[in-house]
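Novice: Residue numbering for the sequence shown is 1 to 246, as defined by full-length UniProt numbering.
Even for Gly, the Cβ is constructed at its ideal location relative to N, Cα and C.
First, the structure itself, so that you have it in front of you.
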Amino acid sequence: MSDSPVAIILAAGKSTRMKSETPKVLHQVCGQSMIDHVINAVRETGVQKIVVIVGHKADEVKAALDHHSDVVFALQAEQKGTGHAVMMAEEALKDHTGSVLVLAGDTPLLKGSSLQKLLDVQQENGAACIVGTAITENNHGLGRIVRDEAGKFLKIVEHKDASEVELQIQEINTGCFAFQTQSLFAALKKLRPENQQAEYYLTDCAEILLNEGKTVLAANTLDIQEAMGVNTQDQLAEVEKVMLNR
Ligand code: UD1
Ligand code: MG
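Right, here's the structure in full:
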C-alpha cells in the first residue's frame, strides 16, 4: 500500500468566472460532477488513496465527496498557488514512498489510460518528475514547456512570465504530473513566490528537481482536450459536448 501510487487533486481555487454559487468542481458533466470524473480516471490506474485539496467552499466539496472511502481531504485555507496547495497534502502522505499523480479537479476529460502512461514513463526512467504535456495552437494562458536545442526538458514558464519567444511555444503543461512523492515535498520547500502572480507555482518543482541532478522529463502523453480546464459556463458546455462524442 505505502508504495503503490497515490494521487493529489487540486480543488481549492475560487471560480469567479463560473458565475455560480456551486463550487466549480461540483458542476456536472454528463450527470457526474467534474471532480467525480477525475476521481474515476485516477482509479483506473489502481490508485488507492486520493488527497483532495479543498479551500473555497470546502465544506460543500467535502460533503459531496464524503461517500468515497479512498478520498481524504487537506485544507488550503488561503489560496497562494498550485505549489502551496500541494504542500497541504504533506501530512497525509508523509509515509508514502511511491509515486503520486498531481492533477486538477476541473479537468473532467482526463483519461485513466493517459495517467497510467505518465506513471509508466516515470517508472521506466526512475524519474523524480514527469510533466504531462500536450500540443496546441490555443496556448493562451497555459504554462509553456521549454526545451533545449536537443529537445531536453528545461523548465515550465507560465504565460504571464514568458518572453516573446517562449510565448510561441505550442507544447504546454497540462497540469498533470507524476512525481516521486518525497522528492516532490522536498522540492516544494524550495519554492519562492517570485513571479508575476506572487504565487507558489507547482510548475517550478520540475526545474528545482532538475537542478538537483534528478531525472525530470516532459512527456507528451495527453491530448489537449484532457487538459481543458473548465473556467466558464461556455467551457462547461464544450466539455460536455466532447464527452458525449466519446
Ligand atoms: C496551471 C499551471 C499551468 C498549466 C495549467 C493547466 C501552475 C503555476 N500553472 O495554471 O502551467 O498550463 O494549470 O490548466 O501550476 N488551485 C488550488 N489552490 C491554489 C491555486 C490553484 O487548489 O492556491 C487549484 C485550482 O482550483 C485549479 C488548479 O489548482 O483546479 C489549477 O489552478 P489554476 O489557477 O487554474 O492554474 P492555471 O493558472 O490555470
Ligand atoms: Mg486553470
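Going by the C-beta, is Asp-223 closer than 7 Å to any heavy atom of the ligand UD1?
Specialist: As a first step, residue 223 is located in the sequence shown; it is residue number 223 there, counting from the start. Checking the Cβ of Asp-223 against the ligand UD1 gives no.
Novice: At a cut-off of 7 Å, would you count His-67 as near the ligand UD1, judging by its Cβ distance to the nearest heavy atom?
Specialist: If you number the sequence shown from 1, residue 67 lands on position 67. No, Cβ of His-67 sits at least 7 Å from all heavy atoms of the ligand UD1.
Novice: Between Thr-215 and Asn-125, is the Cβ-Cβ spacing less than 8 Å?
Specialist: Residue 215 sits at position 215 when you count from the first residue of the sequence shown. Residue 125 sits at position 125 when you count from the first residue of the sequence shown. Cβ distance < 8 Å, so Thr-215 and Asn-125 count as in contact.
Novice: Would you mind reading off the limits of the beta strand (DSSP E) that contains Cys-129?
Specialist: Numbered from 1 along the sequence shown, position 129 holds the residue referred to as residue 129. Element bounds for Cys-129: 129-135.
Novice: Can you tell me the Cα-Cα spacing of Ala-85 and Gln-28, whole angstroms?
Specialist: On the sequence shown, residue 85 is found 85 positions in, with the first residue counted as 1. On the sequence shown, residue 28 is found 28 positions in, with the first residue counted as 1. Whole-angstrom Cα-Cα distance: 24 Å.
Novice: Report yes if the CB atom of Leu-202 is closer than 8 Å to the CB atom of Thr-82, and no otherwise.
Specialist: Numbered from its first residue, the sequence shown carries residue 202 at position 202. Numbered from its first residue, the sequence shown carries residue 82 at position 82. The answer is yes: Cβ separation under 8 Å.
Novice: Rounding to the nearest angstrom, what Cα-Cα distance links Glu-91 and Gln-170 in this structure?
Specialist: Reading the sequence shown from its first residue, position 91 is the one you call residue 91. Reading the sequence shown from its first residue, position 170 is the one you call residue 170. Answer to the nearest angstrom: the Cα atoms are 36 Å apart.
Novice: Fully enclosed by the segment 1-73, which beta strand (DSSP E) runs are 3 residues long or longer?
Specialist: 6-11, 50-54
Novice: Which term fits Met-1, buried or exposed, when burial requires 16 or more other beta carbons within 10 angstroms of its beta carbon?
Specialist: Stepping through the sequence shown from its first residue, residue 1 is reached at position 1. With a pLDDT of only 48 at Met-1, under the threshold of 50, the placement of this residue in the model should not be trusted; the figure read from the coordinates follows. By the 10 Å Cβ count, Met-1 comes out exposed.
Novice: Cβ-heavy atom distance between Val-10 and the ligand UD1 below 7 Å?
Specialist: For this step, residue 10 is matched to residue 10 along the sequence shown. With the sequence shown as reference, residue 10 is identified as Leu, and Val is not the correct amino acid for it. Yes, the beta carbon of Leu-10 sits closer than 7 Å to at least one heavy atom of the ligand UD1.
Novice: What are the partner residues of Glu-212, as DSSP defines its beta bridges?
Specialist: Numbered from its first residue, the sequence shown carries residue 212 at position 212. DSSP, once it has assigned bridges, lists no residue as partnering Glu-212.
Novice: Report whether the distance from the Cβ of Asp-161 to the nearest heavy atom of the ligand MN is below 7 Å.
Specialist: The model depicted lacks the ligand MN and carries the ligand UD1 and the ligand MG instead.
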